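Residue numbers (UniProt numbering), protein chains in the order written: chain A, 1 to 561; chain B, 1 to 561.
There are 2 protein chains.
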Amino acid sequence: MTLRARALYTFQSENKEEISIQENEELVIFDETSVDGWLQGENSRGQRGLFPASYVEIVRPRSGSNLTDGSLSPAGSPGNDSSYFHSSPNATYSTQQSYYDDDDDDWDDWDDASTVVEDGDPRGRGNGANGHSHQSSYSNPNVYYRPKPHMDRQDSISSSRKGSMVGRNLNRFSSFVRSGVEAFVLGDVPMMAKIAESYTIEMGPKGPQWKENPQPFTCSIEDPTKQTKFKGIKTYISYRVTPSHIGRPVYRRYKHFDWLYNRLLHKFTVISVPHLPEKQATGRFEEDFIEKRKRRLILWMEHMTSHPVLSQYEGFEHFLMCGDDKQWKLGKRRAEKDEMVGAHFMLTFQIPKEHQDLQDVEERVDTFKAFAKKMDDSVLQLTHVTSELVRKHLGGFRKEFQRLGNAFQSISQAFMLDPPYSSDALSNAISHTGRTYENIGEMFAEQPKYDLFHMLDMLSLYQGLLSNFPDIIHLQKGAFAKVKESQRMSDEGKMDQDESDGIRKRCRTVGFALQAEMNHFHRRREVDFKEMMQAYLRQQIAFYQRVGQQLERTLHMYDNL
Amino acid sequence: MTLRARALYTFQSENKEEISIQENEELVIFDETSVDGWLQGENSRGQRGLFPASYVEIVRPRSGSNLTDGSLSPAGSPGNDSSYFHSSPNATYSTQQSYYDDDDDDWDDWDDASTVVEDGDPRGRGNGANGHSHQSSYSNPNVYYRPKPHMDRQDSISSSRKGSMVGRNLNRFSSFVRSGVEAFVLGDVPMMAKIAESYTIEMGPKGPQWKENPQPFTCSIEDPTKQTKFKGIKTYISYRVTPSHIGRPVYRRYKHFDWLYNRLLHKFTVISVPHLPEKQATGRFEEDFIEKRKRRLILWMEHMTSHPVLSQYEGFEHFLMCGDDKQWKLGKRRAEKDEMVGAHFMLTFQIPKEHQDLQDVEERVDTFKAFAKKMDDSVLQLTHVTSELVRKHLGGFRKEFQRLGNAFQSISQAFMLDPPYSSDALSNAISHTGRTYENIGEMFAEQPKYDLFHMLDMLSLYQGLLSNFPDIIHLQKGAFAKVKESQRMSDEGKMDQDESDGIRKRCRTVGFALQAEMNHFHRRREVDFKEMMQAYLRQQIAFYQRVGQQLERTLHMYDNL
Chain A
1 MTLRARALYT FQSENKEEIS IQENEELVIF DETSVDGWLQ GENSRGQRGL
51 FPASYVEIVR PRSGSNLTDG SLSPAGSPGN DSSYFHSSPN ATYSTQQSYY
101 DDDDDDWDDW DDASTVVEDG DPRGRGNGAN GHSHQSSYSN PNVYYRPKPH
151 MDRQDSISSS RKGSMVGRNL NRFSSFVRSG VEAFVLGDVP MMAKIAESYT
201 IEMGPKGPQW KENPQPFTCS IEDPTKQTKF KGIKTYISYR VTPSHIGRPV
251 YRRYKHFDWL YNRLLHKFTV ISVPHLPEKQ ATGRFEEDFI EKRKRRLILW
301 MEHMTSHPVL SQYEGFEHFL MCGDDKQWKL GKRRAEKDEM VGAHFMLTFQ
351 IPKEHQDLQD VEERVDTFKA FAKKMDDSVL QLTHVTSELV RKHLGGFRKE
401 FQRLGNAFQS ISQAFMLDPP YSSDALSNAI SHTGRTYENI GEMFAEQPKY
451 DLFHMLDMLS LYQGLLSNFP DIIHLQKGAF AKVKESQRMS DEGKMDQDES
501 DGIRKRCRTV GFALQAEMNH FHRRREVDFK EMMQAYLRQQ IAFYQRVGQQ
551 LERTLHMYDN L
Chain B
1 MTLRARALYT FQSENKEEIS IQENEELVIF DETSVDGWLQ GENSRGQRGL
51 FPASYVEIVR PRSGSNLTDG SLSPAGSPGN DSSYFHSSPN ATYSTQQSYY
101 DDDDDDWDDW DDASTVVEDG DPRGRGNGAN GHSHQSSYSN PNVYYRPKPH
151 MDRQDSISSS RKGSMVGRNL NRFSSFVRSG VEAFVLGDVP MMAKIAESYT
201 IEMGPKGPQW KENPQPFTCS IEDPTKQTKF KGIKTYISYR VTPSHIGRPV
251 YRRYKHFDWL YNRLLHKFTV ISVPHLPEKQ ATGRFEEDFI EKRKRRLILW
301 MEHMTSHPVL SQYEGFEHFL MCGDDKQWKL GKRRAEKDEM VGAHFMLTFQ
351 IPKEHQDLQD VEERVDTFKA FAKKMDDSVL QLTHVTSELV RKHLGGFRKE
401 FQRLGNAFQS ISQAFMLDPP YSSDALSNAI SHTGRTYENI GEMFAEQPKY
451 DLFHMLDMLS LYQGLLSNFP DIIHLQKGAF AKVKESQRMS DEGKMDQDES
501 DGIRKRCRTV GFALQAEMNH FHRRREVDFK EMMQAYLRQQ IAFYQRVGQQ
551 LERTLHMYDN L
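The structure is reproduced here in structure tokens:
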């Protein structure tokens with residue numbers, strides 16, 4: 001029996017294996033099992049190919065019904081369980097054929113616009129019974145994504161105040177509110193009986209710092225390999241990920257990194273989670289892009305493993321160690337059900353006993369804020385300069401030297417034209433000089449691979465880390481404002497001293513955590529920028545030496561003329 | 001008594017010491033002695049300053065006459081000797097105050113448009129009696145200036161033929177005609193009883209060649225020094241010129257070089273006279289321009305001293321050796337009265353006895369012509385590339401590295417902003433790296449002085465030498481055509497065999513001379529291009545090594561962080 005479907009949305013094909021479909025167009029489906037969210041079929045114009053499963057609804061004839069009597073079952077409409085596929089453009093689909101794909105999630109990492117939708121709330125979780133979990137809950141992705149830096153930085157003081165309660169911020173998108181830190185500071189997060197997780201902040205020589213991970217490790221990312229599925233039509237890249245303390249590799253796709261990254265954002269309030277390398281819609285499998293993504297994933301991983309808190313995260317451990325499909329699914333769900341996220345994560349800190357004057361903390365944070373702003377600016381400046389230098393290396397510099405090489409060749413050719421005076425040795429030497437400069441042009445074009453690219457990778461990582469800080473600093477600012485407000489209310493007799501003290505105490509926790517994170521940032525920054533500058537200078541020296549050596553060899557050709 | 005003058009031509013002032021004058025404007029003259037061809041005075045708008053003496057005529061009231069009765073004496077009008085100054089924009093003027101200026105010539109080397117007019121014909125020479133020789137003859141400068149390359153290259157065959165005479169070319173501007181070579185070949189130049197000059201062409205391993213100068217020498221040009229006159233208002237540059245075989249310096253201005261150059265053009269048919277470095281109207285005394293002119297005069301001089309014929313020229317000897325004002329004038333006039341110029345110069349050659357088939361010579365010349373054309377093209381190509389590289393060094397390259405340096409400095413500044421974590425040593429190292437790259441930017445900007453400029457100087461010299469060849473080759477083509485024509489006429493009985501044989505013999509002389517000049521060009525070219533390439537490569541190697549060393553020193557700053 002021919003399986004039919006109707007297009008719910010217009011889809012414009014962008015690759016040759018895809019076909020365009022029009023809203024309301026009738027389609028023939030070849031196989032109702034979607035792969036990576038795509039179905040294969042034929043449109044009304046006879047074109048055959050792939051289209052997104054979520055853009056169509058399968059038409060299932062019931063007894064006595066036909067295509068026009070309302071038997072169309074809109075995909076993804078809640079409560080409509082008569083359709084086998086619940087689809088919406090944002091829903092996720094499953095496959096059973098793909099290498100290392102999970103039943104209950106199959107995002108595609110080639111779609112820049114696609115946002116992995118995660119729901120920390122177990123409510124709404126699908127019924128995974130027949131291997132096809134139907135995720136019908138559509139969460140607002142804003143909730144889990146940090147806003148762009150410098151957005152949402154309205155101060156939260158001007159909030160409504162009701163009676164004796166310290167007011168809550170009206171701006172529900174402020175990071176202070178979203179992160180749950182407001183709730184935590186106000187004491188709305190109940191202490192839990194048993195907290196398995198614990199992160200210690202200790203006093204170091206330069207102030208509060210995260211206690212080191214007692215089992216430090218590193219992790220390599222190697223050998224990006226193209227994998228195919230769906231009879232070779234859809235492809236993806238798999239990376240070999242080997243943590244040093246395990247020594248056994250696991251294989252991960254970008255989408256797995258992306259899943260982990262979103263878990264991190266969800267859970268780790270007050271920590272500057274390194275951004276993943278950017279997605280890229282087109283040319284995903286071009287060699288340069290793969291290399292660049294790999295280099296940046298390596299840097300990202302270095303920051304993950306070097307972070308005392310992030311490196312100990314259970315979900316990260318799962319990501320690094322799990323090599324079994326079934327275990328992967330279980331661990332993934334466990335991570336998604338983790339309760340110690342956002343506001344609750346604040347409960348996991350063990351802070352030093354030392355007294356810190358809140359005003360001092362405030363000043364400390366302000367200094368860091370000014371530093372971070374300036375560093376953000378200068379990292380951006382260096383990024384621009386470096387990008388332009390790359391462009392010059394690939395374009396202008398190469399072109400100039402190649403032109404010089406061509407001109408020398410042309411001189412050499414002229415010299416050969418008058419045979420009695422062709423002065424072969426000289427002409428050869430000049431021709432060789434021409435080739436040398438053409439070669440030097442190529443060396444200029446190649447050089448960014450050895451130096452500037454690494455600098456750009458590092459700068460990109462730091463742009464991400466720095467862009468997190470305004471929001472993180474905002475948490476401390478918000479907490480501090482609550483302290484002042486509660487103190488005033490307590491002074492006016494509108495609040496119990498106990499409650500006010502509780503707010504102050506919890507604000508200290510926020511301050512300690514922020515300072516520990518600032519401290520960690522500085523320590524990494526010193527290590528990274530030293531390494532980055534040394535690597536750059538070493539490669540530059542090697543480059544100029546290579547050019548000099550090439551020229552020296554060329555010069556010798558003129559020795560015995 | 002106020003001395004008055006009237007402007008013959010409109011003059012637009014170009015420097016602040018000059019004033020503009022309008023045609024027919026009445027002027028007041030402060031001092032009727034012109035300096036370097038300039039008078040000082042005041043125009044009708046009350047502006048005071050300098051204007052060209054040749055643009056005005058002095059108004060001398062005669063008895064009973066006034067300004068309107070025709071007492072104006074147009075300068076330079078022949079036979080009008082009532083005016084003290086004969087002036088036309090092309091006439092030359094004298095001064096008695098200037099350092100090393102001659103009475104009967106005072107050209108200015110700052111006027112690009114001014115053409116030194118020389119008259120080889122003693123007729124029309126002034127009456128040097130009172131130290132003010134009045135050169136009234138105005139020769140067409142075309143006669144002595146080689147045309148631009150590839151002009152005037154019409155073939156001369158289609159000339160009118162009258163009776164039994166071999167026809168003369170109608171195109172009087174063809175180099176064949178202008179140079180006198182046509183007249184020489186046709187036997188119109190009578191052999192002279194006694195010829196003091198003699199240049200020998202001998203058979204070398206690669207064909208005819210000039211016999212070497214038995215007393216070879218070199219000549220240094222050093223120490224360009226600014227000299228002033230006219231109370232410091234007018235300045236010029238004097239060069240110390242020291243020939244190796246004399247060891248005693250003379251001091252020469254550009255205008256002396258220019259005088260010599262024009263004598264060379266006038267005399268040396270079939271020889272590719274190296275062009276002088278170009279004139280430049282503005283910024284004459286900027287350091288860069290002075291340096292460039294000096295470098296190019298040195299190259300020019302190398303070619304003069306290395307040329308077996310040019311280096312033996314009496315006028316050149318005079319230029320190199322004469323340190324006495326009075327002797328200078330005498331030698332200068334002797335050179336200007338030289339009869340062995342143009343057509344007569346062809347009489348000075350001693351040619352080998354060897355028979356050369358004219359057809360072979362023709363082929364030899366054609367090959368050289370193709371070579372010279374290609375070399376001309378490639379020299380132009382290399383000149384363009386090199387000029388662009390200079391521009392890049394001074395602009396793009398410098399800017400890129402300075403930007404990189406600035407960006408590093410900016411990073412370093414950011415790092416200093418959070419004192420507990422300012423990591424001074426690292427910040428210093430990064431700041432030092434910034435300065436290093438700023439410095440490397442400056443090194444890029446400086447580098448052309450050490451390599452590309454020299455290449456451009458050499459290429460410019462060769463552009464000049466190559467641009468002479470089309471005309472020189474044209475001489476041989478014209479002579480060869482005359483041989484064929486006379487042979488045909490002789491065969492038809494319209495010409496004596498003797499006359500035909502004479503034409504053939506004289507054509508051989510032209511062919512030998514041209515081949516000797518080609519041979520000389522090739523030998524110089526080999527020497528010069530080898531030297532040019534070696535010098536360039538050596539400087540390039542030194543440059544890349546210096547950059548590498550700078551970076552190595554900078555890298556060491558990161559060693560003990």
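Heads up, the beta-carbon is just placed ideally off N, CA and C, and yes, glycines get one too.
These numbers come from a predicted model, not from an experiment.
In the DSSP assignment, find the beta strand (DSSP E) that holds residue i and state where it starts and stops.
i	result
B:Lys-255	Segment 254-267 is the alpha helix (DSSP H) holding B:Lys-255; no beta strand (DSSP E) there.
B:Glu-202	199-204
B:Leu-3	3-7
A:Ser-220	219-229
A:Val-185	Per DSSP, A:Val-185 belongs to no beta strand (DSSP E); it is in the alpha helix (DSSP H), 181-185.
B:Leu-39	38-42
What are the boundary residues of the alpha helix (DSSP H) that includes residue i?
i	result
A:Lys-329	325-337
A:Lys-234	Taken as a continuous stretch (DSSP letters only), A:Lys-234 belongs to no alpha helix (DSSP H), being part of the beta strand (DSSP E) at 234-243.
B:Ser-50	At residue 50 of chain B the sequence reads Leu, which differs from the Ser that was named. Where B:Leu-50 is concerned, there is no enclosing alpha helix (DSSP H), although the beta strand (DSSP E) it sits in stretches over 48-52.
residue 582 of chain A	Any property of residue 582 of chain A remains undetermined from this structure, which presents chain A solely from 1 to 561.
A:Thr-433	424-446
residue 566 of chain A	This structure does not reach residue 566 of chain A, given that chain A is present from 1 up to 561, and the question cannot be answered.
A:Gln-356	Neither: A:Gln-356 is in no alpha helix (DSSP H) and is coded neither H nor E.
B:Ile-472	452-491
A:Met-297	Reading the sequence as shown, one finds Leu at residue 297 of chain A and not Met. 287-306 is the extent of the alpha helix (DSSP H) around A:Leu-297.
A:Glu-317	314-321
residue 562 of chain A	Outside the modelled stretch of chain A, which goes from 1 to 561, sits residue 562 of chain A, for which no answer is possible.
B:Arg-178	175-178
Using a C-beta to C-beta distance shorter than 7 Å, which residues of chain A count as neighbours of residue i?
i	result
B:Ile-233	Residues of chain A passing the Cβ test: none, with the nearest at roughly 44 Å.
B:Gly-204	By Cβ distance, chain A contributes nothing, its closest Cβ being about 10 Å from B:Gly-204, past 7 Å.
B:Phe-371	Ala-414, Leu-417 and Asp-418
I want to verify the contact list: residues of chain B whose CB lies under 7 Å from the CB of residue i, in sequence order.
i	result
A:Lys-194	Going along chain B, no residue has its Cβ under 7 Å from A:Lys-194, so there is no contact; the nearest lies around 37 Å.
A:Thr-269	Result: empty, since nearest Cβ-Cβ is about 22 Å, beyond 7 Å.
A:Ile-541	Gly-548, Leu-551, Glu-552 and Leu-555
Can you pull the chain A residues whose beta carbon is under 9 Å from the beta carbon of residue i, in chain order?
i	result
B:Glu-526	Phe-415, Tyr-421, Ser-423, Leu-426 and Leu-561
B:His-245	The contacting residues do not exist; B:His-245 stays about 28 Å from chain A at best.
B:Val-272	In the sequence as presented, Val is not what sits at residue 272 of chain B; that position holds Ser. Those do not exist, as B:Ser-272 stays about 15 Å from chain A at its closest Cβ, beyond 9 Å.
Residues of chain B with CB under 8 Å from residue i, in chain order?
i	result
A:Phe-529	Ile-411, Phe-415, Leu-426 and Ile-430
A:Thr-367	Leu-417, Asp-418 and Pro-419
A:Ala-55	Residue identity check: residue 55 of chain A is Tyr in the sequence provided, not Ala. Simply none; closest approach about 46 Å.
A:Ala-535	The contacting residues do not exist; A:Ala-535 stays about 10 Å from chain B at best.
So which residues on chain A does residue i lean against when the C-beta distance must stay under 8 Å?
i	result
B:Thr-218	Those within 8 Å of B:Thr-218 in chain A number zero; the least Cβ separation is about 21 Å.
Along chain B, which residues have their Cβ under 9 Å away from the Cβ of residue i?
i	result
A:Arg-403	Gln-381, His-384, Val-385, Glu-388 and Leu-389
Can you give the beta carbon distance from residue i to residue j, rounded, assuming they're within the 8 Å contact cut?
i	j	result
B:Glu-442	A:Lys-392	With a Cβ gap of about 18 Å, B:Glu-442 and A:Lys-392 do not count as contacting.
A:Val-28	A:Glu-17	In fact, because the Cβ distance is near 17 Å, the residues do not count as touching under 8 Å.
A:Ala-414	A:Tyr-558	In fact, because the Cβ distance is near 18 Å, the residues do not count as touching under 8 Å.
B:Ser-410	A:Ser-378	4 Å
### Message
Please give me, in chain order, every unbroken run of the alpha helix (DSSP H) with length at least 4 that falls completely inside the segment 381-418 of chain A.
### Response
Positions of the alpha helix (DSSP H) runs, each at least 4 residues long and wholly inside the segment 381-418 of chain A, are given as 398-415 in order along the chain.
#### Entry: the segment 331-350 of chain A touching the segment 292-300 of chain A, judged by at least three CB pairs closer than 8 Å
Verdict: no, contact absent.
### Task
Would you check if there are 3 or more beta carbon pairs closer than 8 Å linking the segment 524-532 of chain B to the segment 207-219 of chain B?
In short, these stretches do not touch, since the Cβ pair count stays below three.
### Task
Count the C-beta pairs between the segment 396-411 of chain A and the segment 499-509 of chain B that are closer than 8 Å, then say yes if the count reaches three, no if not.
The segment 396-411 of chain A makes no contact with the segment 499-509 of chain B; the number of CB pairs closer than 8 Å stays below 3.
### Task
Would you check if there are 3 or more beta carbon pairs closer than 8 Å linking the segment 2-22 of chain A to the segment 43-56 of chain A?
Yes: the two stretches touch, three or more of their Cβ pairs being nearer than 8 Å.
### Message
Closer than 8 Å is the cut-off here; do at least three beta carbon pairs connect the segment 436-454 of chain B with the segment 381-395 of chain B?
### Response
Below 8 Å, enough C-beta pairs join the segment 436-454 of chain B and the segment 381-395 of chain B to call them touching: three or more.
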